[in-house]
Amino acid sequence: MAVQAINDGIFCIDIQHPDRKMFDCIMPTEHGTTYNAYVVKGQTKSALIDTADPDFTKEFMDCVDRCDVKVIDYVIILHTEQDHSGSLPVLMKKFPNAQIVATEAVAKLMVTHLHIGIEKFHIVSEGDQIDLGGRSLTFIKIPFAHWPDNTMVYESTTRTLFSSDLFGSHYASDKIFATNSHEIKVAARAYFAEIMMPFSAQVRKYTEKVIELAPSIIATAHGPIWNQPSVILQKYMRWTSDQVEKTVVVPFVSMHGSSALIAERLCLQLASKGISVLSRNLGKKPDSLVVQSGLVMRDLVTAAAVVFVMPTVLGGPHPAGAYCSMLMNAMRVKTPFIGLIGSYGWGTRASEIFAEMTSNLKKAERLPSLQYEGLPTEEQLVEIDRYADELAAKIFQLGDRLI
Ligand code: FEO
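Under the working numbering, the letters of the sequence shown match residues -7 to 395, in that order.
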């Protein structure tokens, strides 16, 4: 736990949760996470931006004490989700005269999620400012940069942008600022995949707005603070663009080896055509499905195609593949080509059910579905080679869309 000055009169309360292995029960967080709150001191007033996860209220309150603020005039809530608002009830017991400040969207959700009365809030709108004496905080709404209520705050004298969930990462570290490490960029991409990717169009507009604003620091609600904002802004411009890499993601499940054989043949043939392949075994370990599916979402941020390979179980796609497909559907991946290949015992409706489970992905071209009864024959494996060749050709035809 740390309290650290990040700019003139601005302090970060950085609550570390390195042991957290999963977020929202869907997102693997192998580097843990942090819950970042901020204190901004003006000449006459002080504001606290966000709180911390309720499991860390004691640590959070200890850090508030260490910020050396006798009075908190404003408690600003940028987003209702409990990892940022959960310590508010205890905080308000210590600072009962503080004014809670939030947009209407936040206030309404706080009523239902934390049972805090709407009358407790001072409601702000887009562009409203709060004066702290010699500096002010300006509110910028960023709906669906996770939830409908997410909000940013900008402090113009130091050009510090408090970005809520936007530009965050689940990455616990003793370094408060992002270094140029590959690992931090990978963590930011993983976070983008499962938090921001479903709202890619809106997130792109917010990123363009932030580029125009040209902050010197982006102080996020999770993970390291960006003191070279261009690093994360460039990444977001790429991840929210239409551009893709010459990569095919192959999530597969195999009960008796037939689907594994198909996946292997497909991957080898794609690779022989100059396509990168990311293959993930969704049934690798008894408890690995959520983790493997989360990794697939990261792979899909810039992939040109995804081909699921899975057997039929009781007429439909194998439940492990079904889970991963439905997650992909929820995350609204931009992948231009989607395919399904599988094997079945005596009958299948896997193709129709897979199409229904991925119905959000309307822009994607559907590749022909191949379903084989039992162990694929040599002739059928040759058909998979042709399928791979045709997919590789389609990917190369993407032309300017390729990175
Ligand atoms: Fe970090 Fe959407 O809460």
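Where is the CB? At the ideal position from N, CA and C, for every residue including glycine. These numbers were taken from a predicted model, which means no experiment stands behind them.
Relative to the C-alpha of residue i, which residue among the options is closest?
i     : options                   : result
A(-6) : G1, I69, I115 and C59     : C59
T239  : L80, P328 and V374        : P328
R127  : E357, K326 and D0         : D0
A297  : P303, V374, Q389 and G34  : Q389
A29   : I132, V67 and R378        : V67
R230  : H23, M247, A295 and V63   : A295
L40   : E22, D65, E357 and G391   : D65
E398  : V103, P309 and M84        : The structure shown does not extend to residue 398, since the chain is modelled only from -7 through 395, so no value can be given for it.
H114  : Y379, T95 and D123        : T95
A211  : Y27, I18 and P20          : Y27
I69   : V61, K86, E51 and A90     : A90
V116  : A164, L101, P311 and K133 : K133
C55   : L158, Q8, T350 and E22    : Q8
Going by DSSP, name the residue or residues bridged to residue i.
i     : result
F169  : I217
T327  : None, per the DSSP bridge assignment.
A342  : Paired residues: none, contrary to the question.
G334  : Q363
P309  : T304
R358  : I330
A(-6) : D6
P20   : M14
T239  : S268
I210  : L153 and W218
F244  : N273 and V301
L394  : V236
Y27   : I7
V67   : L40 and I92
K33   : S38
Residue i: beta carbon under 7 Å from a heavy atom of the ligand FEO?
i    : result
A213 : yes
H76  : yes
H23  : no
D11  : no
H138 : yes
D157 : yes
According to DSSP, simplified to helix, strand and coil, what is residue i?
i    : result
E370 : helix
P46  : helix
S264 : helix
V288 : helix
L319 : helix
K386 : helix
K227 : helix
What do you reckon, is the C-beta of residue i under 7 Å from a heavy atom of the ligand HEM?
i   : result
H71 : No copy of the ligand HEM appears in this structure; the ligands present are the ligand FEO.
Just list the alpha helix (DSSP H) runs in the region 73 to 138, keeping only unbroken ones of 4 residues or longer that don't cross its boundaries, in chain order. 74 to 77, 80 to 86 and 96 to 106
Which runs of the alpha helix (DSSP H) spanning at least 4 residues fall entirely within the region 146 to 207, listed in chain order? 174 to 183 and 192 to 205
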